[in-house]
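K.L.:
The structure under discussion is supplied below as structure tokens; questions concerning it will follow.
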Amino acid sequence: MSIDNITLARLLDETASLLEIDAADPFRIRSYRRAAEAVEQQTTPLATLATPEADPKALLAIPGIGKGMAANIRDLVTTGTMPLREELLQKYRPTMLELLRLPGMGPKTVAMLYSALEIADIDALEAAARRGDLLSLPRMGQKFTDKLLKGIEDHRRNASRFRIDIARGHAERVSELIRQFPGIDTITPAGSLRRGRESCGDLDLLVTGPACESDVVAAAVEHVATLPLIDKLLARGQNKVSFNLRKGLQVDVRLLPRASYGAALQYFTGSKHHNVALRQRAIKRGLTLNEYALLRLEDNQIIAAASEEEIYNALDLDYIPPELRENCGEIEAAEKHILPRLITRADIRGDVHMHTHESDGVNSIREMAEAAIARGLEYIAITDHSKNLAMTNGMDDKRTLAHAQRIRQVSDELAAEFAAKKGPQWARYQQRLNDGEPESVEPSVPFRLLAGIEVDILADGALDLEDDTLAQLDIVVASVHSGFNQTEEEMTARVLRAAENPYVQILGHPTGRKVLKREPYRINLEQLLPAAARLGIAVEHNAAPARADLSDINLRKAKEFGCKIICNTDAHSTEELDQIDDGIVQLRRAWLTPADLINTQPLEAFLASLRPRQ
DNA sequence: GCCGTTTTCGGCCCGACTGTTTTCAGTCG
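Structure (structure tokens):
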């Protein structure tokens, strides 16, 4: 069993932490961290590049991987460990890495606790803190001990991160309360939420407006520090407030004058590595970048500060969208003016995976269609569950065909209304005109509903409906919903067999991956994606964070293998159609353009790009 | 340990906050 990139990255990152505890050269530590990040971002499994037969230059081609790190990676791949790591683990204990996750605990403190009291894990630390043993150590008073005990408690209760849509919900609730203070104009979530990471460790909210100017900001800080939803106030400075929400999520609020808002937004959006690279670039130009401004070094003259665009432009770069700021080539692309035109919501024309109350959805066919029209879509497919999913009231062959007939009937009704210049499409157009939307154009084609199915892939790879039934539908999405206890090989073979069925056009949520939850099943994408590309079958990027999706890395893989990629919501209600935004963020992080997705095409072209029907 | 438009050595990003301090080290983002 070969080691995967995520594990490889984790081992390198742990080595960096051990080096920190060992008080090693900070630049050496940084290079281990950078290597870990680089490894995590790779789309090809490094285990295949680290074999004796592989081209030795392949690893060196990755930025941040030099001769030494390549040797480390080869050791990790062949032996599962590496000399430096083993040496450090002789000296320290692996449980010390967990101590570093406690708030206020850094490498120096961990090292000191180990040498003074031989404390190497959380239990021992807690016991020592309760006995008052820590008070005898330098720079450790009662206040530190109390904070540490609370930190241990929080850590035990909730050591996990928050899924992006949950975090965004919290951000909106907090923002609403902050906005009640007079003189607050803008509140922007920064950090990993703005970059569209799938999960957030904490929330960064940047606030600006007249009330944030430095001479009056104290009152606004007071307002934020006393918000009713604060569980525990963590820190409070001149223009910064940190607190925990009851769910355990940490929120950092910064109140900033308008003049430096762009610099702050840039700074706190990150990522850390992107910012480091940007500041290095600034220095080479005789400038320095901090959270207040881009300054000229010689006379501290402000070059740019109010907007991110100004800052990037002053560094001779095109504006870089937050989703790309991971120091993975975006700076070079911005310099050469070759950043991709990333997908936006307006590019998505169709959504061909959703459910109604015929199976486990909550809305009717017509309601889903009207909601899709209201969101500017041109076509959708209704794909309710098939019979194997009894608990969702899945449909047998007969019900499937009857349902298809009703879907086409609604489509015809809407088309008739459209022809008569009535109905939801014209209503939306009229609404947009009234709202004064300049780009609003008269709708020219009627909205279309496609009759589809989300057919179940059984344990042996067969489908649970007859081919004759599938042949009479417009869209067939096939997905796995049961039998997750199979091995990776079995699961891959199962889905591949289903993909051989000529009526299957789309593989629904192919990885079945659930963010921040245990994976329901493992599948070998290195086999599945090329096969899908060869068969002309589309792979779905499921937009819903709550269910399953292709992460940005898997999306890049799918593109590299030449797959047709489609982004669907798998909505079970009209509101869930908005989850397309969560899917788009991942597409953007993967550097995908509208041309990389097939449901950015008008209906006829979209249908033509699907696998041809028999 | 990495890297190169100050290149094979000598650099490598920046500031705020906290707790325990009388000037700062450590942590954090």
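Add 1135 to a position in the first sequence, counting from 1, and you land on the number used in my numbering.
Note that beta-carbon positions come from the ideal geometry of N, C-alpha and C, so glycine has one too.
Enumerate in chain order the residues of its own chain whose CB-to-CB distance from residue 1284 is below 6 Å, with the five nearest sequence positions on each side excluded.
P.N.:
As a first step, residue 1284 is located in the first sequence; it is residue number 149 there, counting from the start. 1264.
K.L.:
Which residue marks the beginning of the alpha helix (DSSP H) containing residue 1377, and which one marks its end?
P.N.:
Numbered from its first residue, the first sequence carries residue 1377 at position 242. Segment 1375-1380 is the beta strand (DSSP E) holding residue 1377; no alpha helix (DSSP H) there.
K.L.:
Who pairs with residue 1324 in a beta bridge, going by DSSP?
P.N.:
Counting from 1 along the first sequence, the entry for residue 1324 is found at position 189. Paired residue(s): 1340.
K.L.:
How close, in whole Å, do the beta carbons of residue 1438 and residue 1680 come, if the pair is a contact with beta carbons under 8 Å?
P.N.:
In the first sequence, residue 1438 corresponds to position 303, counting from 1. In the first sequence, residue 1680 corresponds to position 545, counting from 1. Not quite, the Cβ-Cβ distance comes to about 39 Å (not below 8 Å), so this is no contact.
K.L.:
Contact defined as beta carbons within less than 8 Å: I believe residue 1612 pairs with residue 1675. What is the distance between those atoms, to the nearest angstrom?
P.N.:
The count along the first sequence starts at 1 and reaches residue 1612 at position 477. The count along the first sequence starts at 1 and reaches residue 1675 at position 540. Indeed they touch by this definition, with Cβ atoms about 7 Å apart.
K.L.:
Helix, strand or coil for residue 1335 per DSSP?
P.N.:
Looking up residue 1335 in the first sequence gives position 200. Of the three classes helix, strand and coil, the one that applies to residue 1335 here is strand, per DSSP.
K.L.:
Can you give me the C-alpha to C-alpha distance between residue 1601 and residue 1535, rounded to a whole angstrom?
P.N.:
What you label residue 1601 is simply residue 466 of the first sequence in a count that begins at 1. What you label residue 1535 is simply residue 400 of the first sequence in a count that begins at 1. C-alpha separation (whole angstroms): 11 Å.
K.L.:
Short of 6 Å in beta carbon distance, which residues of its chain neighbour residue 1697, apart from the five on each side in sequence? Order them along the chain.
P.N.:
Here the question's residue 1697 lines up with position 562 in the first sequence. 1668, listed in sequence order.
K.L.:
Measure from the alpha carbon of residue 1376 to the alpha carbon of each residue in 1388, 1367 and 1384, then state which is nearest.
P.N.:
Sequence index remark: in the first sequence, residue 1376 carries index 241 (1-based). Nearest option by C-alpha distance: 1388.
K.L.:
Where does residue 1735 fall in DSSP's three states?
P.N.:
One-based indexing of the first sequence puts residue 1735 at position 600. Helix at residue 1735.
K.L.:
Please name the residue, chosen from 1521, 1583, 1637 and 1640, that lies closest to residue 1593 on a Cα-to-Cα basis.
P.N.:
As a working mapping, residue 1593 is identified with position 458 in the first sequence. For residue 1593, the nearest C-alpha among the options comes from 1521.
K.L.:
With a cut-off of 8 Å, do at least 3 Cβ pairs link the segment 1340-1349 to the segment 1322-1330?
P.N.:
The segment 1340-1349, when compared against the segment 1322-1330, does touch it at the 8 Å Cβ threshold.
K.L.:
Between the segment 1346-1353 and the segment 1316-1323, do at least 3 Cβ pairs fall closer than 8 Å?
P.N.:
Touching, yes.
K.L.:
Based on the DSSP output, what are the partners of residue 1391 in its beta bridges?
P.N.:
As a position in the first sequence, residue 1391 is number 256, starting the count at 1. According to DSSP, which records beta bridges pairwise, residue 1391 is partnered with 1343.
K.L.:
For residue 1239, name the three-state secondary structure that DSSP assigns.
P.N.:
Your numbering for residue 1239 matches position 104 in the first sequence. Coil at residue 1239, not helix or strand.
K.L.:
Would you report the Cα separation of residue 1416 and residue 1450, rounded to the nearest angstrom?
P.N.:
As a working note, residue 1416 is residue 281 in the first sequence. As a working note, residue 1450 is residue 315 in the first sequence. When rounded, the distance between both Cα atoms is 7 Å.
K.L.:
Which of the three DSSP states, helix, strand or coil, is assigned to residue 1514?
P.N.:
Numbered from 1 along the first sequence, position 379 holds the residue referred to as residue 1514. Correct three-state label for residue 1514: strand.
K.L.:
How big is the Cα-Cα spacing for residue 1705 and residue 1494?
P.N.:
Sequence index remark: in the first sequence, residue 1705 carries index 570 (1-based). Sequence index remark: in the first sequence, residue 1494 carries index 359 (1-based). For residue 1705 and residue 1494, the distance between alpha carbons rounds to 13 Å.
K.L.:
Identify the continuous beta strand (DSSP E) that holds residue 1589 and give its terminal residues.
P.N.:
To locate residue 1589, count along the first sequence from 1; it is residue 454. Looking at the DSSP string, the run of the beta strand (DSSP E) that includes residue 1589 is 1583-1591.
K.L.:
What is the rounded straight-line gap between the Cα of residue 1423 and the Cα of residue 1196?
P.N.:
Against the first sequence, residue 1423 aligns to sequence position 288. Against the first sequence, residue 1196 aligns to sequence position 61. Distance between the alpha carbons of residue 1423 and residue 1196 is about 30 Å.
K.L.:
Identify whether residue 1817 lies in helix, strand or coil by the three-state DSSP scheme.
P.N.:
As shown, the chain starts at 1136 and ends at 1749. That puts residue 1817 outside it, with no answer to give.
K.L.:
Considering only the beta carbon of each residue, do residue 1543 and residue 1586 sit closer than 9 Å?
P.N.:
The residue labelled residue 1543 in the question sits at position 408 within the first sequence. The residue labelled residue 1586 in the question sits at position 451 within the first sequence. Yes, they are a contact pair.
K.L.:
For the segment 1218-1305, list the alpha helix (DSSP H) runs that are entirely contained and at least 4 residues long, ordered along the chain.
P.N.:
The segment 1218-1305 contains these whole alpha helix (DSSP H) runs: 1218-1226, 1231-1234, 1242-1252, 1257-1266 and 1277-1292.
K.L.:
Since residue 1172 is in the alpha helix (DSSP H), which residue starts that stretch and which ends it?
P.N.:
In the first sequence, counting from the first residue as 1, residue 1172 sits at position 37. Counting along the chain, the alpha helix (DSSP H) containing residue 1172 begins and ends at 1161-1176.
K.L.:
With a threshold of 16 other CB atoms inside 10 Å of the CB of residue 1454, please say whether the residue is buried or exposed.
P.N.:
Your numbering for residue 1454 matches position 319 in the first sequence. By the 10 Å Cβ count, residue 1454 comes out exposed.
K.L.:
Tell me whether residue 1435 sits in a helix, a strand or coil according to DSSP, three-state version.
P.N.:
Translated into the one-based positions of the first sequence, residue 1435 becomes position 300. Residue 1435 falls in the coil class under three-state DSSP.
K.L.:
Cβ atoms of residue 1167 and residue 1179: under 9 Å apart, would you say?
P.N.:
On the first sequence, residue 1179 is found 44 positions in, with the first residue counted as 1. On the first sequence, residue 1167 is found 32 positions in, with the first residue counted as 1. No; because the gap between Cβ atoms is not below 9 Å, this pair is not in contact.
K.L.:
Taking Cβ positions, are residue 1582 and residue 1512 nearer each other than 9 Å?
P.N.:
Your numbering for residue 1582 matches position 447 in the first sequence. Your numbering for residue 1512 matches position 377 in the first sequence. Yes.
K.L.:
Closest to residue 1198 by C-alpha separation, out of 1694, 1467, 1141 and 1488, would be which residue?
P.N.:
Numbered from 1 along the first sequence, position 63 holds the residue referred to as residue 1198. The option with the nearest alpha carbon to residue 1198 is 1467.
K.L.:
Take residue 1703 and list the residues in its own chain whose beta-carbon comes closer than 7 Å to its own, dropping the five residues that flank it on each side.
P.N.:
The sequence position of residue 1703 within the first sequence is 568, counting from 1. Once the five neighbours on either side are set aside, the close Cβ partners of residue 1703 are 1486, 1487, 1488, 1675, 1677 and 1678.
K.L.:
Whole angstroms are fine: how far does the CA of residue 1334 sit from the CA of residue 1219?
P.N.:
Stepping through the first sequence from its first residue, residue 1219 is reached at position 84. Stepping through the first sequence from its first residue, residue 1334 is reached at position 199. Rounded to the nearest angstrom, the two C-alpha atoms are 31 Å apart.
K.L.:
To the nearest angstrom, how far is the alpha carbon of residue 1157 from that of residue 1725?
P.N.:
On the first sequence, position 22 is the one that residue 1157 refers to. On the first sequence, position 590 is the one that residue 1725 refers to. Distance between the alpha carbons of residue 1157 and residue 1725: 36 Å.
K.L.:
Within 10 Å of its beta-carbon, does residue 1530 have 16 or more other beta-carbons around it, so buried, or fewer, so exposed?
P.N.:
Within the first sequence, residue 1530 is the residue found at index 395, counting from 1. That one is buried.
K.L.:
Less than 9 Å separating the beta-carbons of residue 1230 and residue 1255?
P.N.:
Position 95 of the first sequence holds residue 1230. Position 120 of the first sequence holds residue 1255. Yes, they are a contact pair.
K.L.:
What do you get for residue 1558, buried or exposed, if any count of 16 or more other CB atoms within 10 angstroms of its CB means buried?
P.N.:
Here residue 1558 refers to the residue found at position 423 of the first sequence. Classification of residue 1558: buried, given that the 10 Å Cβ count is 16 or more.
K.L.:
Does DSSP classify residue 1710 as helix, strand or coil?
P.N.:
Your numbering for residue 1710 matches position 575 in the first sequence. Here residue 1710 sits in helix by DSSP.
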